[in-house]
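A.B. asks: I'd like to ask you about the structure that follows.
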């Protein structure tokens, strides 16, 4: 079933209907090639961004400044300015590190794994998600660096020949961590940038000012859109996607070994690698959902980030929430099944110890709240999506707090038990990391094509070649199913 | 009545019934099953060990085929929940294998009857030797185990029967409603079935060594289930095609996608197996390492290394190329290979336990405590002999017998029906499916 290039659909079309016989359109409004370019380029070509952008930028930059001050303070005075103590020797920095690394997973998942699964809808949000990946990795990288206390010696982590003939301990998961996160940063930046080249060239060609022409010109690397360029681009993107797919599993798994190779109960669990990976994907999708909805409103991208995209994101969030809930419950079960008091204690402590509200809170935020997405009305309510996205991220931060702090604060020797209280430096550094993330994100929204234009165009009906005749539905099927309401809309 | 009209030519639906092949293959597989089990019972009886060798062989064969049946059910649930198009042509085959869960429930009865030969936790005296084991009695006891088994099979079997019935109804009426019912049911069933399969893993794999626990063991079992089905399904399809059935309908495009999934799950199995092993090795805690100690020392260590090679490294590279996945002969070879590796996995997990099950005191001799002992052991004997000195043929006969029953039952489920869901509205699309 083909459609003509100049079909105009309502911008707010409800394209979330599910049919057993076909797909609903993924681009609404002016679903022509030129229409897509106009909608996306408009954001960076308009003279002034929306007022909300300035407000957001002001807040983000202030927080970023605060972070800078806090880090300088910590460097001059020492890590004693944080709330870390004995036995809680890993405090906020490690929580924040794991939290941001987790968020960094959605981009790679959407770009690489959904690409391999031929999920066409990913084109509306992949650029966006990859951007959150890159910025979240930037936030994550800061924390282990400052946590080593003397970050100017952090290069000791790298294995290099030196006069002391001293090598890093290859058995140490901290080294694995540095290598994994380093690889991930490299691949995700390359992936993001490579996929962006044709769109940067579009902006270059449309630019009216000299500065813009030169800037976009430099970054589009002389792209002319020849067949050879496209062939090379495809090859590069697929290779990077294959690498990134392994990294999705690899990076969070490696981060989890920081904990899991130890003998601390509730850290030493063989499920930790898939657990951290699942949690990472979950929080990453929650961030994409919470950011995509305001962004499409603010920058007028409803044509390319449609209701169906939000609907699909909500469904993935539901699946990931169910996986995370499974892991929470299986942890309790196996701890019970083990018969060991040392395995059982941290779980009882989670639910009934001094941090009981966190133990229950993560169940609620991560396991229960997203279950609302079983209902279509919830998936179709964008602002509810934002609320769930934020709650999930709060929940995921709390989860890392639970794993790190609650497992440490009551160790094997009751006389050494100690509560953890964060200092103002801890809290301001955490807030500052959000400042860094949003500063980068807002700059991205303004100056870089937020949606992969050429990829969206490739999924438009007029870009498809059909090999066979479509299926016709007769009788009650059309009346009984929801697609009756949008008769006339191209369904393939 | 909603009706779907499809532009599928009658030519495209040729050769979609078992016809003459069915009864012949049914009789052959049933006959093989009877002879194999009779021989296995005879040899088992001659062991003079209260049928323990036979029960272990039977148990391992049961787990192997349960994995295929449960995997087929999960394949169907995924197919419906994601409204997959490409897999419509193999849907009916998966339905037949999933409906075998009913057969697996019947075949479970001997295991329930002989559980004292398999599970050392059934021995109260053994369980009271260790404080950790005493605490497990609330979960690991015969009554609760039986109740759990009933729940597992009511849930999984119920789902398989429901899918089969709805699918039949669609064939008869051509209505969309049965399909919509399957879609609706699959959404929540994906989660429920996942839980149930995981707990089957707890009971049938993890609890075989009652002291051992691993948080990821249930997921390890789930990956065994998924690897099995993506190996068994192309093999089944390929066997039918060799017999002139579904020759035009299942193309290399479908094999390609099945092959991709097979590769993906094989690699995922490697990932989970590695996570489990490396974390237990690293922390080196006695209640966890005991399980692996018994499985990597002595001749079992040779088997562990072989398993790593045949279940992950060799098929991982073998299936990597597009060519391997798109050519029926090559893919069939790898499917057979991986199924063999799956059985080896089951064998490696279960069989060592026979020598430390205390009730019958069969601990003597076979388990060398010296890690280097296997070198001399391997030098003295061929690989298989030190593993299970006399009983390997009983295991293989049980596997053959169970396989015969499994195939016969699958063919019985498919009797008189089209092997394609002919009224599925996505059939035309699936028949014309192409990878890009």
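Protein chains in written order, with the numbering used here: chain A, 1 to 492; chain B, 1001 to 1436.
Ideal placement from N, C-alpha and C gives every residue a C-beta, glycine not left out.
In this text the structure is predicted, and so the values were computed from the model without any measurement.
Between the region 234-253 of chain A and the region 177-191 of chain A, do three or more beta carbon pairs fall short of 8 Å?
C.D. replies: Short answer: they touch.
A.B. asks: Taking Cβ positions only, does residue 471 (chain A) come closer than 8 Å to chain B?
C.D. replies: Along the first chain, read from residue 1 onward, the residue named residue 471 (chain A) stands at position 471. With a pLDDT of only 46 at residue 471 (chain A), under the threshold of 50, the placement of this residue in the model should not be trusted, and no figure is reported.
A.B. asks: Between residue 331 (chain A) and chain B, is there a C-beta pair that is closer than 8 Å?
C.D. replies: Here residue 331 (chain A) refers to the residue found at position 331 of the first chain. Interface residue, yes.
A.B. asks: In chain order, what residues of the same chain lie with their CB nearer than 7 Å to the CB of residue 1336 (chain B), ignoring the 5 residues before and after it?
C.D. replies: As a working mapping, residue 1336 (chain B) is identified with position 336 in the second chain. Hits under 7 Å: 1235.
A.B. asks: What span of residues does the alpha helix (DSSP H) with residue 1343 (chain B) cover, start to end?
C.D. replies: The sequence position of residue 1343 (chain B) within the second chain is 343, counting from 1. Element bounds for residue 1343 (chain B): 1328-1350.
A.B. asks: Could you have a look at residue 1363 (chain B) and say whether DSSP puts it in helix, strand or coil?
C.D. replies: For the purposes of this step, residue 1363 (chain B) is identified with residue 363 of the second chain, where counting begins at 1. Confidence is the limiting factor: at residue 1363 (chain B) the pLDDT is only 41, short of 50, which leaves the residue's position unreliable and the question unanswerable from this model.
A.B. asks: Short of 6 Å in beta carbon distance, which residues of its chain neighbour residue 417 (chain A), apart from the five on each side in sequence? Order them along the chain.
C.D. replies: In the first chain, counting from the first residue as 1, residue 417 (chain A) sits at position 417. Excluding sequence neighbours, residue 417 (chain A) sits near 410.
A.B. asks: Is there a Cβ of chain B sitting closer than 8 Å to that of residue 439 (chain A), yes or no?
C.D. replies: Locating residue 439 (chain A) in the first chain gives position 439, where the first residue counts as 1. No, residue 439 (chain A) does not count as interfacial toward chain B.
A.B. asks: On a Cα-Cα basis, can you pick out the residue from B:1131, B:1052, B:1117 and B:1114 that is closest to residue 337 (chain A)?
C.D. replies: Sequence index remark: in the first chain, residue 337 (chain A) carries index 337 (1-based). Of the listed residues, the one whose Cα sits closest to residue 337 (chain A) is B:1131.
A.B. asks: At the 8 Å Cβ level, is residue 1191 (chain B) part of the contact set with chain A, yes or no?
C.D. replies: For the purposes of this step, residue 1191 (chain B) is identified with residue 191 of the second chain, where counting begins at 1. Yes, its Cβ sits closer than 8 Å to a Cβ of chain A.
A.B. asks: CB-CB under 6 Å to residue 184 (chain A), same chain, minus the five flanking residues each way: which ones, in chain order?
C.D. replies: Here residue 184 (chain A) refers to the residue found at position 184 when the first chain is read from its first residue. Hits under 6 Å: 247 and 251.
A.B. asks: Can you name the residues that DSSP bridges to residue 30 (chain A)?
C.D. replies: Indexing the first chain from 1 puts residue 30 (chain A) at position 30. A:8, per the DSSP bridge assignment.
A.B. asks: Figure out for me which residue from A:372, A:74, A:138 and A:150 has the closest Cα to the Cα of residue 429 (chain A).
C.D. replies: By one-based count along the first chain, residue 429 (chain A) stands at place 429. Closest by alpha carbon: A:74.
A.B. asks: For residue 382 (chain A), name the three-state secondary structure that DSSP assigns.
C.D. replies: For the purposes of this step, residue 382 (chain A) is taken as the residue at position 382 of the first chain. Correct three-state label for residue 382 (chain A): helix.
A.B. asks: Taking only the alpha-carbon atoms, compute the straight-line gap between residue 1138 (chain B) and residue 1286 (chain B) and give it to the nearest angstrom.
C.D. replies: Mapped onto the second chain, residue 1138 (chain B) falls at position 138. Mapped onto the second chain, residue 1286 (chain B) falls at position 286. Near 23 Å, if we compare the C-alpha coordinates of residue 1286 (chain B) and residue 1138 (chain B).
A.B. asks: Look at the Cβ atom of residue 446 (chain A), then the Cβ atom of residue 60 (chain A), and state whether they are nearer than 8 Å.
C.D. replies: Position 446 of the first chain, counted from the first residue, corresponds to residue 446 (chain A). Position 60 of the first chain, counted from the first residue, corresponds to residue 60 (chain A). Cβ distance not < 8 Å, so residue 446 (chain A) and residue 60 (chain A) don't count as in contact.
A.B. asks: Does the beta carbon of residue 1216 (chain B) come closer than 8 Å to any beta carbon on chain A?
C.D. replies: Residue mapping note: residue 1216 (chain B) aligns to position 216 of the second chain, counting from 1. Yes, contact with chain A.
A.B. asks: Spatial neighbours of residue 346 (chain A) within its chain, please: C-beta separation below 6 Å, excluding the five flanking residues on both sides.
C.D. replies: Within the first chain, residue 346 (chain A) is the residue found at index 346, counting from 1. Taken in chain order, the residues that qualify are 265, 266 and 407.
A.B. asks: Quick one: what's got a C-beta closer than 7 Å to residue 1140 (chain B)'s C-beta in the same chain, skipping five residues either side?
C.D. replies: As a working note, residue 1140 (chain B) is residue 140 in the second chain. Hits under 7 Å: 1121, 1207 and 1210.
A.B. asks: Whether or not the region 1107-1119 of chain B and the region 1045-1053 of chain B are in contact is what I'm after, with contact meaning three or more pairs of Cβ atoms, one per stretch, closer than 8 Å; do they touch?
C.D. replies: With the cut-off at 8 Å, the region 1045-1053 of chain B and the region 1107-1119 of chain B touch.
A.B. asks: Flag residue 1423 (chain B) as yes if its beta-carbon sits less than 8 Å from any beta-carbon of chain A, otherwise no.
C.D. replies: Translated into the one-based positions of the second chain, residue 1423 (chain B) becomes position 423. Answer no: the Cβ-Cβ gap between residue 1423 (chain B) and chain A never drops below 8 Å.
A.B. asks: Got a sec? Which residues, its chain only, sit under 7 Å from residue 1098 (chain B) by beta carbon, not counting five neighbours each side?
C.D. replies: As a position in the second chain, residue 1098 (chain B) is number 98, starting the count at 1. Once the five neighbours on either side are set aside, the close Cβ partners of residue 1098 (chain B) are 1069, 1072, 1073, 1076, 1160 and 1163.
A.B. asks: Assuming residue 1210 (chain B) is part of the alpha helix (DSSP H), what are its boundary residues?
C.D. replies: Mapped onto the second chain, residue 1210 (chain B) falls at position 210. Run containing residue 1210 (chain B): none; DSSP gives neither H nor E here.
A.B. asks: Could you check how far apart the C-beta atoms of residue 459 (chain A) and residue 202 (chain A) are, in whole angstroms? I think they sit under 8 Å.
C.D. replies: In the first chain, the residue the question calls residue 459 (chain A) occupies position 459. In the first chain, the residue the question calls residue 202 (chain A) occupies position 202. The Cβ separation is near 17 Å, so there is no contact.
A.B. asks: What is the DSSP secondary structure of residue 1424 (chain B), counted as helix, strand or coil?
C.D. replies: Along the second chain, one-based indexing puts residue 1424 (chain B) at 424. If DSSP states are grouped into helix, strand and coil, residue 1424 (chain B) belongs with coil.
A.B. asks: Can you confirm whether residue 1091 (chain B), when its beta carbon is compared against all beta carbons of chain A, has any partner nearer than 8 Å?
C.D. replies: For the purposes of this step, residue 1091 (chain B) is taken as the residue at position 91 of the second chain. Answer no: the Cβ-Cβ gap between residue 1091 (chain B) and chain A never drops below 8 Å.
A.B. asks: For residue 330 (chain A), which residues from the same chain have a beta carbon less than 8 Å from its beta carbon, with the 5 sequence-adjacent residues on both sides left out?
C.D. replies: The count along the first chain starts at 1 and reaches residue 330 (chain A) at position 330. Excluding residues within five positions, the ones whose Cβ falls inside 8 Å are 271.
A.B. asks: On the DSSP letters alone, give me the boundaries of the alpha helix (DSSP H) that residue 1165 (chain B) sits inside.
C.D. replies: Mapped onto the second chain, residue 1165 (chain B) falls at position 165. Unbroken alpha helix (DSSP H) run through residue 1165 (chain B): 1142-1173.
A.B. asks: Would you tell me roughly how many angstroms separate the C-alpha atoms of residue 494 (chain A) and residue 220 (chain A), rounded to the nearest one?
C.D. replies: No statement about residue 494 (chain A) is possible, as the shown extent of chain A runs from 1 to 492 and does not include it.
A.B. asks: Below 7 Å on C-beta distance, what does residue 260 (chain A) contact in chain B?
C.D. replies: Taking the first residue of the first chain as 1, we reach residue 260 (chain A) at position 260. Neighbours of residue 260 (chain A) on chain B, chain order: 1279.
A.B. asks: Does the beta-carbon of residue 1023 (chain B) have 16 or more other beta-carbons within 10 angstroms, so that it is buried, or is it exposed?
C.D. replies: As a first step, residue 1023 (chain B) is located in the second chain; it is residue number 23 there, counting from the start. With fewer than 16 Cβ atoms within 10 Å of its Cβ, residue 1023 (chain B) is classed as exposed.
A.B. asks: Checking contacts by CB at 8 Å: is residue 1213 (chain B) closer than that to chain A?
C.D. replies: Working through the second chain from its first residue, we reach residue 1213 (chain B) at position 213. Yes, its Cβ sits closer than 8 Å to a Cβ of chain A.
A.B. asks: What in chain B is Cβ-close to residue 249 (chain A), meaning under 7 Å?
C.D. replies: Working through the first chain from its first residue, we reach residue 249 (chain A) at position 249. Going along chain B in sequence order, the residues near residue 249 (chain A) (Cβ under 7 Å) are 1271.
A.B. asks: List, in order along the chain, the chain A residues whose C-beta lies closer than 8 Å to that of residue 1219 (chain B)?
C.D. replies: Taking the first residue of the second chain as position 1, residue 1219 (chain B) is located at position 219. Those within 8 Å of residue 1219 (chain B) in chain A are 271 and 274.
A.B. asks: Below 8 Å on the Cβ atoms is my contact criterion, and I expect residue 1065 (chain B) with residue 1104 (chain B) to pass it. Report the Cβ-Cβ distance as a whole number of Å.
C.D. replies: In the second chain, counting from the first residue as 1, residue 1065 (chain B) sits at position 65. In the second chain, counting from the first residue as 1, residue 1104 (chain B) sits at position 104. Indeed, because the Cβ distance is near 7 Å, the residues count as touching under 8 Å.
A.B. asks: Report the start-end ranges of each beta strand (DSSP E) in the region 290-319 of chain A that is 3 residues or longer and not cut off at the edges.
C.D. replies: As far as the region 290-319 of chain A is concerned, it has no whole beta strand (DSSP E) run of at least 3 residues.
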